[in-house]
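**Q** Numbering (our numbering), first residue to last: 308 to 407.
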Amino acid sequence: MSASAEATVLITHEVGLHARPSVKFTKLAKSFAAEVEVALAANGPWFDAKSIVKVMAAKAPKGTVLHIRARGDGAGEAVGALVDLVQRDFDEDRDHARSA
């Protein structure tokens, strides 16, 4: 039996899941062996969280609830790390502070 995990997280980043956050989200998802999927509704449609094209195409604005699920090795860690990234507003404030 393969490990699985699911979670939901609210996007609070001012401009939502746009280009830079999408890159960070997919890059983090790719760092896990588990199959990771994301959806904008609990019943889907689900799409590959490791695909920058699919994540950016979602155009998820601020206030959207992301549904994240993973199956396989590291599923729980993958979901937890992605939820944390979204809750940290994709580290955008920290990135801007460094470049200022």
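No residue lacks a Cβ here, since even glycine has one placed at the ideal position from N, Cα and C. Predicted model, so just to flag it, every value in this text is computed and none were measured.
Assign V372 to buried or exposed, taking buried as 16 or more other Cβ atoms, counted over all protein chains shown, within 10 Å of its Cβ.
**A** By one-based count along the sequence shown, residue 372 stands at place 65. Flag for V372 reads exposed.
**Q** For A365, which option in E342, A326, E321 and A385 has the closest C-alpha, if you only look at C-alpha atoms?
**A** As a first step, residue 365 must be located in the sequence shown, where it is residue number 58. When each option's Cα is compared against that of A365, the closest is A326.
**Q** When DSSP labels each residue in this structure, what does A310 get in the three-state scheme?
**A** Residue mapping note: residue 310 aligns to position 3 of the sequence shown, counting from 1. Here A310 sits in coil by DSSP.
**Q** In chain order, what residues of the same chain lie with their CB nearer than 6 Å to the CB of F354, ignoring the 5 residues before and after it?
**A** Position 47 of the sequence shown, counted from the first residue, corresponds to residue 354. The beta carbon of F354 lies closer than 6 Å to those of K361 in the same chain, with the five residues before and after it left out.
**Q** Classify A404 as buried or exposed, calling it buried when 16 or more other Cβ atoms lie within 10 Å of its own Cβ.
**A** Position 97 of the sequence shown, counted from the start, is the residue given in the question as residue 404. Bear in mind that a pLDDT of 47 at A404, under 50, signals an unreliable position, so the number given afterwards is only what the model happens to contain. It counts as exposed.
**Q** Name the residue from G387, V393 and T315 whose alpha carbon lies nearest to the alpha carbon of A349.
**A** Residue 349 sits at position 42 when you count from the first residue of the sequence shown. Per the Cα distances, T315.
**Q** Locate the alpha helix (DSSP H) running through I359, then write down its first and last residues.
**A** Position 52 of the sequence shown, counted from the first residue, corresponds to residue 359. Taken as a continuous stretch (DSSP letters only), the alpha helix (DSSP H) holding I359 covers I359 to A364.
**Q** Would S309 be called buried (16 or more neighbouring beta carbons within 10 Å of its own) or exposed?
**A** Numbered from its first residue, the sequence shown carries residue 309 at position 2. Classification for S309: exposed.
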